[in-house]
Amino acid sequence: MSYHNPFTPPRKSATFDDYTLAEIRRAAATGIYDIRGAGTKRKVPHFDDLLFLGASISRYPLEGYREKCDTSVVLGTRFAKKPIHLKTPITIAGMSFGALSGNAKEALGRGATLAGTSTTTGDGGMTDEERGHSQTLVYQYLPSRYGMNPKDLRRADAIEVVVGQGAKPGGGGMLLGQKISDRVANMRNLPKGIDQRSACRHPDWTGPDDLEIKILELREITDWEKPIYVKVGGARPYYDTALAVKAGADVVVLDGMQGGTAATQDVFIENVGMPTLACIRPAVQALQDLGMHRKVQLIISGGIRSGADVAKALALGADAVAIGTAALVAIGDNDPKWEEEYQKLGTTAGAYDDWHEGKDPAGITTQDPELAARLDPVAAGRRLANYLKVMTLEAQTIARACGKNKLTNLEPEDLCALTVEAAAMAQVPLAGTSWYPGKGAF
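Structure below.
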């Protein structure tokens, strides 16, 4: 005999919630795993869990806008003949032509140039529009080798050897057939309209010794002029950073799991990698242990949204940050003004579920000529520059409040944590205490 208490409403499972049940039914009906773009949607410890300790009596603040706070950064000072000089430590992360429209890539280049920072090519090669509108352009050298050629390596201002990405460390990316236009197919030497899966590892090395050889080859091709970055996904940041330094990198780029992707399996995005906050301190520790902190620059990416996030990343030991998703939002991606069209795609503005489909009504993550034409690269570039300016001013405001005349002078002792998890990851004291879990270990 069963009995249901009429005064108690039915109770749903926290483990088998509505989304999980829907995914089980979808998988059972289709036999296909879910593919989407963007980064993880699960909540993980992040920069919001940290607070700055502004100056008072024990620390002396800088006076408003009357005392300077330097925001410039130089990247690639270790071996490169021509290091990169940027006005702000906020750079634009690699996002490919193919994943993004030509107008979107042009807008990113225009905005970065107006702000005095760099942008990055992404997988798939370098477009003339991107090179033409980017004062400082970093060329990504990926396992796929799509679009790679010595001419473009020399046209770049720096080269980023991509070993891994935060959204999918250990896995390759995807570009579905609907985004493989004639131009994309030609640049990548692929058949038009056929799904493309990028390789997950470089074809000509199996370990860090081979990476060292490859970096030397790239230096010889570019006459030792260009800084060489090595980008890794957040998984084993201490050892990966140490090995990148050993292989000869000028700059290490470390991407946490909040970093986005054009398309990959949802199971990857949500279950592989580490939060950005957990990656920074082990990487900094590796640089310090090797005596290379600030000599080899560290760029952090994955979920950077505001000047406060920038300041916190720098306080934990980074030299610069890179933004991807936030930059796309700034130029107009997932704008609510297109909500009716997003609804027709079965999604909503702010969900980013449409990136892989090539039907973006904002004209950003598409190769459809009519949709891409909706994005004015000049106006979009100005919006990005405005956003970068605001982020830089916000970071400056915080640095001045902490008594620092340069953004990279921020340090861990300027921070406290709101949660035990954030205290452990960032290795800064829990607010109101001098303790964090595992104190004394990296």
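Quick note: the sequence shown, position 389, residue 388 per numbering that gives the first Met the number 0, numbers continuous. Each residue gets a CB set at the ideal place from its N, CA and C atoms; glycine is no exception. The structure displayed is predicted, hence computed values, not measured ones.
Beta-carbon gap between residue i and residue j smaller than 8 Å
{"i": "GLY402", "j": "TYR59", "result": "yes"}
{"i": "GLY255", "j": "GLN164", "result": "no"}
{"i": "LEU276", "j": "ILE89", "result": "no"}
{"i": "ALA394", "j": "ALA319", "result": "no"}
{"i": "ALA443", "j": "HIS355", "result": "What the structure shows of the chain is the stretch from 0 to 441, and residue 443 is not part of that stretch, so it cannot be assessed."}
{"i": "LEU446", "j": "ASN102", "result": "Absent from the model: residue 446. The displayed extent of the chain is 0 to 441, so no value can be given."}
{"i": "LEU409", "j": "ALA314", "result": "yes"}
{"i": "GLN139", "j": "ASP151", "result": "no"}
{"i": "ILE179", "j": "GLY192", "result": "yes"}
{"i": "ILE330", "j": "ARG382", "result": "yes"}
{"i": "ARG182", "j": "ARG154", "result": "no"}
{"i": "PHE78", "j": "ASP249", "result": "yes"}
{"i": "ILE56", "j": "PRO226", "result": "no"}
{"i": "HIS45", "j": "PRO411", "result": "no"}
{"i": "ALA166", "j": "GLY38", "result": "yes"}
{"i": "ILE91", "j": "ALA379", "result": "no"}
{"i": "TRP399", "j": "LEU136", "result": "Before going on, a small fix: residue 399 reads as Arg here, not Trp. No, these two residues do not count as a Cβ contact at 8 Å."}
{"i": "LYS323", "j": "MET94", "result": "A quick correction: the sequence has Gly, not Lys, at residue 323. Yes. Within cutoff."}
{"i": "GLY272", "j": "PRO207", "result": "no"}
{"i": "ARG10", "j": "VAL377", "result": "no"}
{"i": "THR112", "j": "THR391", "result": "no"}
{"i": "GLU269", "j": "ARG41", "result": "yes"}
{"i": "PRO436", "j": "ALA422", "result": "yes"}
{"i": "ILE303", "j": "MET173", "result": "no"}
{"i": "ASN333", "j": "GLY349", "result": "yes"}
{"i": "VAL229", "j": "ALA246", "result": "yes"}
{"i": "VAL252", "j": "ALA321", "result": "yes"}
Bridge-paired residues (DSSP) for residue i
{"i": "LEU74", "result": "ILE83"}
{"i": "ILE227", "result": "ILE158"}
{"i": "GLN139", "result": "GLU159"}
{"i": "ASP17", "result": "Answer is none; ASP17 lacks a bridge partner."}
{"i": "LEU429", "result": "ALA416"}
{"i": "ILE35", "result": "Checking the sequence shown, residue 35 turns out to be Arg, not Ile. For ARG35, which the question treats as bridged, DSSP gives the partners THR263."}
{"i": "GLY30", "result": "Partner(s): none; GLY30 has no beta bridge."}
{"i": "THR405", "result": "In the sequence on display, residue 405 carries Lys and not Thr. Looking at the DSSP assignment, LYS405 forms a beta bridge with ASP69."}
{"i": "HIS292", "result": "VAL295"}
{"i": "GLY232", "result": "ASP254"}
First and last residue of the uninterrupted beta strand (DSSP E) at residue i
{"i": "PHE96", "result": "Segment: none, PHE96 is in no beta strand (DSSP E) and carries neither H nor E."}
{"i": "ALA416", "result": "414-416"}
{"i": "THR90", "result": "89-91"}
{"i": "PHE51", "result": "49-51"}
{"i": "LEU253", "result": "250-254"}
Boundaries of the alpha helix (DSSP H) in which residue i is found, first to last residue
{"i": "LEU276", "result": "275-288"}
{"i": "PRO236", "result": "236-245"}
{"i": "LEU215", "result": "207-220"}
{"i": "ASP265", "result": "265-270"}
{"i": "MET147", "result": "Here MET147 belongs to no alpha helix (DSSP H), and DSSP marks it neither H nor E."}
Cβ-heavy atom distance, residue i to the ligand FMN, below 7 Å
{"i": "PRO368", "result": "Ligands in the displayed structure: none, and consequently the ligand FMN is not present."}
Give, in chain order, every unbroken run of the alpha helix (DSSP H) that is at least 4 residues long and sits entirely within the region 294-377. 306-314, 324-330, 338-343, 368-371
Do the region 356-375 and the region 95-105 make contact, defined as three or more Cβ pairs closer than 8 Å? yes
Quick one: any contact between the region 143-153 and the region 195-203, if contact means 3 or more CB pairs under 8 Å? Counting C-beta pairs closer than 8 Å gives three or more between the region 143-153 and the region 195-203, which meets the contact rule.
Are the region 217-230 and the region 151-167 in contact at 8 Å, needing three or more beta carbon pairs? yes
Every unbroken alpha helix (DSSP H) inside the region 105-133 [4 residues or more]: Counting only runs that start and end inside the region 105-133, the alpha helix (DSSP H) elements of at least 4 residues fall at 127-132.
Is there contact here, the region 236-252 with the region 278-286, by at least three beta-carbon pairs under 8 Å? A contact exists between the region 236-252 and the region 278-286.
Are there three or more Cβ pairs, one per stretch, closer than 8 Å when the region 173-191 is compared with the region 202-210? no
Within the chosen definition, does the region 44-63 reach the region 420-431 through at least 3 CB pairs nearer than 8 Å? yes
Counting Cβ pairs, one atom from each stretch, are 3 or more of them under 8 Å apart for the region 63-70 and the region 284-297? No, because fewer than three Cβ pairs between the region 63-70 and the region 284-297 fall closer than 8 Å, the two stretches do not touch.
Is the region 109-116 in contact with the region 338-348, if contact means three or more CB pairs nearer than 8 Å? No, they do not touch.
Runs of alpha helix (DSSP H) wholly within the region 163-210 (minimum 4 residues, chain order): Runs found: 181-187.
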